[in-house]
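The listed protein sequences correspond, in order, to chains C and S.
First residue of the first sequence? That's 5 in this note's numbering, and the numbers climb one at a time after it.
First residue of the second sequence? That's 437 in this note's numbering, and the numbers climb one at a time after it.
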Amino acid sequence: MTDLGDEASSRLAIELIGLRKHYREGQAEEVQALRGIDLEIERGEMVAVMGPSGSGKSTLMEILGCLSRPTGGEYRLFGQDASTIDADGLARLRGRTVGFIFQSFHLLPRLDIAENVELPLFYQRVPRRERRERALAALARVGLDHRASHIPGEISGGERQRAAIARALVNDPSLVLADEPTGNLDTDRGQEILEILKGVHSDGATVVIVTHDPGIGARAPRKVSIRDGLKVDDERVSA
Amino acid sequence: MKGIAGTAGLAGIAESFRQAWRLLLAHKLRSTLTLFGVVWGTASVIFLVGWGEGVSKMLDDGFSRAGKDMAFVFIGRVSEDFTPAVDRRALWYTQDDVEALRRRARLPEYVAGETRRFGSAAFRQRALNVDVRGVEPDGMAIRGAPIAEGRPIRQSDLDQRRRVVVVGHDARRDLLGAEGRVGSWVRIDGTPYQVIGILGRVGTQLSREGAEIDDQLWIPLTTHLVQFPHEWVDEPVIGMIIFKLRDRALIAETKHEVRAILAERLRVSPTDEEAIPIWSPVEMMNRMPANRQRTLMVMVAGATLVVSGIGIMSMMLDSVRQRRPEIGIRLAVGATRGAILTEFFLETFAVVAMGGLVGVAVGSALTLAMASIEAGDLVPVPVYSWDAVAISLTVMTTVGLLAGLIPAWRASRIDPAETLRAD
């Protein structure tokens, strides 16, 4: 599934050791978004990362998704130190190993839903026909195959979120990251999304959900709480 | 650049072109404006450079009609300080001077003596006051006027001082009318001459001494010397020596050589420009604004390129800036920087290439249409220039591609997370 050589040998999907991330906003003083986080997530786990806004959980997700590099500490993804992977290697990871679901969906407005879902496959150089088949399959998985030829502007927020999920799942990623996937949706739509993610989890993928919704957190087998850039709680709920 | 095109080959390129095309359609106004910038820039450069060339060519042609790359040696007076010009020693040339030049001067291609006098020419009931020239075969070569009918004046005509005449294009109309032809007889100052040839049309000259060639009658130089003896000099006086430059660029050297040879024979200083005045339209052209105009046109064209370039650049910069989130999304779902750059390259290339081709078409059509207009001898018409096509296309394409690629390159260099946050 991935091009990480020692993936099979690693028990852990994610290993964070003293992870730090600083931002410099203009001339102002440094913002410390993450101040040293240690975290291990095993393969096949489903974890909810909880925390108030500004706690650093989105920054954490960006680093987990290889969208951003940490300023300090270590991030091991399936056993490999992410800091040793070059930009193109990270791009490949994002395309094949990691499926990222954004809070604001991040669909390309000019492409129709099927094309949006195809996008990761496009960059994997999957042939056109196969791309379309797999995109439609992913859309069917989230119950959106009837919207394939609509553009994002023509469908509802819940449908857009499901399209974004289909895009994240189209490559059968080992790690699915969802940043506030229900944040912009009402409760019912949120439940739908959560069910889909649970399905992905039971199919074997590692799933990490960032949320500030306690209802979602309560339904995850493991709950990690973050506050002011530090891990404050890590509880496993026995099913 | 490694991108999708790198490994997926033609299918990848076709795919990227499809995407590029869709993006162009999605941003119709911006695409149109960019396209217009490229079209405008390319077309104006082709036309302006063509126009500059045309003005230059008009002047060049105008000067060349008296004879291409030629020069005139006139009769002068020794320049001596403080002496009134009328009191200075009079100078003139003879056939020996012409022969000496022909023998010794290396830089002129041809040398010939030429005499001229206005005389009365009559054919049947018509009579005209015309510019009658005494010419040599080499002189005819220098003048370059084509023979339309009959034959030119030959050395044998000079040797035997034949009374034969070659008639200029307009002089034929005015003097011979419909009835006269090769073989007809005309009278020049009362003496009968047989028409042996008729010149083709030369056109309006920008430099001339006396009448236009089209209005002249040409007779053998030796005959001319007998027909029109000098008023006060008791030997055959060659009123003017003409020569043709081997190399236009060597005008100064050629003048120097000719003047030195004549000065030696006339016993004047080899640097005395008043004693041996030499005048050439070539120098005139170099001094004239003709070339400056061409330079000006090239500068205007260059400015047009710069302005269009800036327009295209700002359009492209804006386009890419607006699409930074898109770049972020593409990176987030697995696009490499190479893939992003390939996409932007192809997309930009599509606009610029299309604009460039349309621009070349418009500029060429305009230039060729104006060039095909039947204009007078001294009306400039644009000259089509492949250089202008090549230069404008190259500049426009380069500017467009850079303007599209540089911001995309910068946007793809930072973390996708940051690019996405720009949303």
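Here a beta-carbon is modelled for each residue, glycine too, at the ideal position from N, C-alpha and C.
Point to revise | Proximal residues of chain S, C-beta to C-beta of C:Y127 below 8 Å | key: What C:Y127 touches in chain S: I440, R766, V769, G770, A771, T772 and A775.
Point to revise | Within 8 Å, strictly: CB atoms of C:I220 and C:V146 | key: No.
Review point. Going along the chain, which residues of the region 838-854 of chain S sit with their C-beta nearer than 8 Å to a C-beta in chain C?
Key: Taking 8 Å as the Cβ-Cβ cut-off against chain C, the residues of the region 838-854 of chain S that qualify are D851, P852, A853 and E854.
Practice item. Decide if S:D683 is buried, meaning its Cβ has at least 16 other Cβ atoms within 10 Å, or exposed. Key: By the neighbour-count rule (16 or more Cβ atoms within 10 Å), S:D683 is not buried but exposed.
Review point. Below 8 Å between beta carbons: does that hold for S:R540 and S:G675?
Key: S:G675 sits away from S:R540, with the two beta carbons spaced by 8 Å or more.
Point to revise | the region 155-173 of chain C in contact with the region 45-65 of chain C per 3-pair CB rule at 8 Å | key: Of all C-beta pairs linking the region 155-173 of chain C to the region 45-65 of chain C, fewer than three are shorter than 8 Å, placing the two stretches out of contact.
Check your understanding: Which whole-angstrom value describes the C-beta separation of C:I45 and C:I18, a residue pair presumed to lie in contact below a C-beta threshold of 8 Å?
Key -> Indeed, because the Cβ distance is near 4 Å, the residues count as touching under 8 Å.
Review point. Using 8 Å as the limit for Cβ to Cβ distance, is S:R466 near chain C?
Key: No, S:R466 does not count as interfacial toward chain C.
Practice item. Determine whether the Cβ of C:D7 lies closer than 8 Å to any Cβ atom of chain S. Key: Summary for C:D7: the model assigns pLDDT 49, below 50, so the residue's position carries little reliability, and this model does not support an answer.
Point to revise | 4-residue-minimum alpha helix (DSSP H) runs that sit fully inside the region 691-767 of chain S, ordered along the chain | key: Qualifying alpha helix (DSSP H) stretches, in chain order: 717-723 and 725-758.
Review point. Taking only beta-carbon atoms, is C:E78 less than 8 Å away from chain S?
Key: Taking Cβ atoms only, chain S never reaches closer than 8 Å to C:E78, which makes this a no.
Review point. Closest Cβ-Cβ distance between S:L802 and chain C: below 8 Å?
Key: S:L802 does not count as touching chain C.
Practice item. May I ask you to check if the CB of C:A139 is nearer than 7 Å to at least one heavy atom of the ligand SAM? Key: Absence of the ligand SAM from the depicted structure is noted, as is the absence of any ligand whatsoever, leaving it without description.
Review point. Taking the alpha-carbon positions, what's the S:A847 to S:R723 distance?
Key: CA-to-CA, the gap between S:A847 and S:R723 works out to about 53 Å.
**Study point:** Chain-ordered chain C contacts of S:L459 [CB-CB under 8 Å]
**Key:** Residues of chain C with a Cβ closer than 8 Å to the Cβ of S:L459 are, in chain order, R114.
Check your understanding: Between which two residues does the beta strand (DSSP E) carrying S:S515 extend?
Key -> Boundaries for S:S515: no beta strand (DSSP E) harbours it, and the DSSP string shows neither H nor E there.
Check your understanding: Is it right to say S:T740 is buried, meaning 16 or more other beta carbons lie within 10 angstroms of its own, or is it exposed?
Key -> Result: buried.
Practice item. Check each residue of the region 62-95 of chain C: if its Cβ is closer than 7 Å to any Cβ of chain S, include it; give the result in chain order. Key: Listed by position along the chain: E66, L71, S72, R73, A91, D92 and A95.
**Study point:** For S:V509, the first and last residue of its enclosing alpha helix (DSSP H)
**Key:** Where S:V509 is concerned, there is no enclosing alpha helix (DSSP H), although the beta strand (DSSP E) it sits in stretches over M506 to V509.
**Study point:** the region 499-513 of chain S touching the region 824-833 of chain S, judged by at least three CB pairs closer than 8 Å
**Key:** No, because fewer than three Cβ pairs between the region 499-513 of chain S and the region 824-833 of chain S fall closer than 8 Å, the two stretches do not touch.
**Study point:** Buried versus exposed, by CB contacts within 10 Å (16 or more), S:D859
**Key:** Below a pLDDT of 50, predicted positions are generally treated as unreliable, and S:D859, at 48, falls in that range; the measurement from the model is reported next regardless. The C-beta of S:D859 has fewer than 16 other C-beta atoms within 10 Å across all chains shown, which makes the residue exposed.
**Study point:** First through last residue of the beta strand (DSSP E) which encompasses S:S556
**Key:** S:S556 -> beta strand (DSSP E) spans P544 to F559.
Check your understanding: How would you list, in chain order, the residues of chain C whose beta-carbon sits under 8 Å from the beta-carbon of S:L856?
Key -> Going along chain C in sequence order, the residues near S:L856 (Cβ under 8 Å) are L71, F106 and H110.
Practice item. Compare the C-beta of C:G99 against all C-beta atoms of chain S and say whether one is closer than 8 Å. Key: In terms of beta-carbon proximity, C:G99 lines the interface with chain S, with at least one pair separated by less than 8 Å.
Point to revise | is_contact[S:S492, chain C] using C-beta, thresh 8 Å | key: Put simply, the CB of S:S492 is far from chain C, with every gap to its CB atoms at 8 Å or more.
Review point. Would DSSP call S:W668 helix, strand or coil?
Key: Correct three-state label for S:W668: coil.
Point to revise | Within 8 Å, strictly: CB atoms of C:A52 and C:A209 | key: Not a contact, by the Cβ cut-off of 8 Å.
Check your understanding: Of all Cβ atoms in chain S, is any one closer than 8 Å to the Cβ of C:P124?
Key -> At a cut-off of 8 Å, the C-beta of C:P124 has a neighbouring C-beta in chain S.
Point to revise | Identified DSSP bridge partners for S:P628 | key: Residue pairing of S:P628 in beta bridges, as defined by DSSP: S:R623.
Review point. Counting only beta-carbon atoms, is S:A786 nearer than 8 Å to chain C?
Key: No, because no Cβ of chain C sits closer than 8 Å to the Cβ of S:A786.
Exercise for review: Taking S:L702 as the reference, give the member of S:Y529, S:E762, S:Y820 and S:G633 with the closest Cα.
Suggested key: If we check each option's Cα against that of S:L702, S:Y529 comes out closest.
Review point. What are the complete beta strand (DSSP E) segments, minimum 3 residues, inside the region 201-243 of chain C?
Key: Fully enclosed beta strand (DSSP E) runs of 3 or longer: 210-215, 226-231 and 234-240.
Practice item. Measure the C-alpha to C-alpha separation of C:N188 and C:D237 and round it to an integer number of angstroms. Key: Our two residues, C:N188 and C:D237, have alpha carbons roughly 26 Å apart in a direct line.
Review point. With respect to the alpha helix (DSSP H) encompassing C:Y127, which residues constitute its N-terminal and C-terminal limits?
Key: DSSP places C:Y127 in the uninterrupted alpha helix (DSSP H) bounded by I117 to Y127.
Point to revise | Within the region 11-52 of chain C, ranges of the beta strand (DSSP E) (whole runs, at least 3 residues) | key: If one requires a minimum length of 3 residues, the beta strand (DSSP E) runs lying completely within the region 11-52 of chain C are 16-28 and 34-46, in chain order.
Check your understanding: Taking Cβ positions only, does S:E783 come closer than 8 Å to chain C?
Key -> Answer no: the Cβ-Cβ gap between S:E783 and chain C never drops below 8 Å.
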